[in-house]
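> Counting in our numbering, the sequence shown runs from 6 upward without gaps.
We put the beta carbon where it would ideally sit given N, CA and C, even for glycine.
What you are looking at is a predicted structure, and each value in this text was computed from that prediction instead of being measured.
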Amino acid sequence: MKKTTSQRDERDELMAELAASMPTDRVGLLDLARAAVAELHAGVMACDDAAVERATTRYEAVTWKLNGGTFFGCQGGPEAAGCVIDRHCSAAPGDVPCWGQAGQFLVEVEGLRALVDFGGGVGVMGSHFEFNAVDLDKPFISETGYRSHFDRLRGGMTVDAVAGAIFAAILKEKRPKLIEPESRDRLAGYALPDWTADLIPPARREPATVEVPTGFVLVDVVLPAHRAFIARKWAAEAKAKIKAAEAAELYAKEEAAGGFRPGARCEVVSVHHHAFKGEVGKKIIITKVSHDTRQVWAHDDRPPRYRVNRNGRKVTEYDPRCVQSCYGFDQLRLLSSPGENKS
6 MKKTTSQRDE
16 RDELMAELAA
26 SMPTDRVGLL
36 DLARAAVAEL
46 HAGVMACDDA
56 AVERATTRYE
66 AVTWKLNGGT
76 FFGCQGGPEA
86 AGCVIDRHCS
96 AAPGDVPCWG
106 QAGQFLVEVE
116 GLRALVDFGG
126 GVGVMGSHFE
136 FNAVDLDKPF
146 ISETGYRSHF
156 DRLRGGMTVD
166 AVAGAIFAAI
176 LKEKRPKLIE
186 PESRDRLAGY
196 ALPDWTADLI
206 PPARREPATV
216 EVPTGFVLVD
226 VVLPAHRAFI
236 ARKWAAEAKA
246 KIKAAEAAEL
256 YAKEEAAGGF
266 RPGARCEVVS
276 VHHHAFKGEV
286 GKKIIITKVS
296 HDTRQVWAHD
306 DRPPRYRVNR
316 NGRKVTEYDP
326 RCVQSCYGFD
336 QLRLLSSPGE
346 NKS
């Protein structure tokens, strides 16, 4: 239900009253927000609803003040006040977050591992759990390898304990299924965060569809234990050769593309229709290359534009990276490769 004008005014009055005694500098406000998160977590663990409400209100007042005395636009972008505060108060990657923190951690239930993205700070999104499959060759609570779940602040329970309970409840309710091949192939292309590199056993991220380069054959084989060592040795050698072959194939494609690769700066020299003749001469930066179709995706080589909003804050008005177009190789002239200075 939407808040009425009087309700918004009452809320602003409360925020102004609390903010009056708060620091005026950014660092002081961020420290106060972190302290409010600690108080909120302690309140949840002690099942003290009043303490949770006080901490939540204090956190909101910090956001209100840092945002220039309003909630409008406080979550409008990475540098908006609410996003800055949520990011400052978030847990270190891999550590179990407190209630009120955003964080990323691992849970394991009945041998199934999930990477959990938790929360979005204090408020409605503060009890949002996102479960992502770690081992793509194992069953999961969703055939897509991803499951979203909104919960509540559970008194006396830590965030990881609640995540484990949710995961176990879903397993009990619905038998886990293997991740569908299309989703598995897609997820295999995404690298897990760096902090997961030391997982034991290592995460298994192999795609369902294995592309074998020309000259290689994929076989399934069952061997006695005393011969498995030799097969593993051959497999390791073949894997290294396949990687080398793939790297050589990619290099050949890039060379055939005339140096077009992500980050390269180009000039538009022709267009496919006279209606776009104004594009000729425009400078662009490549973000993605399709060697098979001989096309690139690129954005204008222009600086972003900013403006000052009514609260006196600098915000982005136009970011060229948000608008991309598709061009053929023959429409472009390479100006500089990634990392080179503009000429």
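1. Tell me, please, which residues DSSP counts as bridged to Lys182.
2. Thinking Cys94 and Ala38 are a contact (beta carbons under 8 Å), I'd like their distance in whole angstroms, please.
3. Identify, in the order they occur along the chain, each residue of the same chain with its Cβ nearer than 7 Å to the Cβ of Asp17, setting aside the five sequence neighbours on each side.
4. Rounded to a whole number of angstroms, what is the C-alpha to C-alpha distance between Ser341 and Cys271?
5. Relative to the C-alpha of Thr321, which candidate in Gly283, Arg310, Leu339, Arg209 has its C-alpha closest?
6. With H, G and I counted as helix, E and B as strand and the rest as coil, what does DSSP make of His93?
7. Note down the Cα distance separating Asp36 from Asp199, rounded to an integer number of angstroms.
8. Can you round the beta-carbon distance between Ile290 and Gly268 to whole angstroms, since I take them to be within the 8 Å contact cut?
9. Count the C-beta pairs between the segment 213-233 and the segment 242-256 that are closer than 8 Å, then say yes if the count reaches three, no if not.
10. Give the DSSP-derived three-state secondary structure of Pro11 in the structure shown.
11. If you follow the beta strand (DSSP E) that Ala303 is in, where does it begin and where does it stop?
12. Would you be able to state if there are at least three C-beta pairs under 8 Å between the segment 107-114 and the segment 77-85?
13. Just mark Thr61 as buried or exposed, buried being the case when its beta carbon has 16 or more other beta carbons within 10 Å.
14. For Lys319, which of helix, strand or coil comes out of DSSP?
15. Look at the alpha carbon of Gln336 and the alpha carbon of Pro212, and state the distance between them as a whole number of angstroms.
16. For Asp306, would you say it is in contact with chain C, using Cβ-to-Cβ distances shorter than 8 Å as the test?
On the basis of the data shown:
1. Residue pairing by DSSP places Lys182 opposite Phe145 in a beta bridge.
2. 6 Å
3. none
4. Rounded to the nearest angstrom, the gap between the Cα atoms of Ser341 and Cys271 is 7 Å.
5. Looking at Gly283, Arg310, Leu339, Arg209, the one whose alpha-carbon comes closest to that of Thr321 is Arg310.
6. helix
7. 27 Å
8. 7 Å
9. yes
10. Looking at the sequence shown, residue 11 is not Pro but Ser. Here Ser11 sits in helix by DSSP.
11. 300-305
12. no
13. buried
14. strand
15. 35 Å
16. Chain labels in this structure do not include chain C; a single protein chain is all it has.
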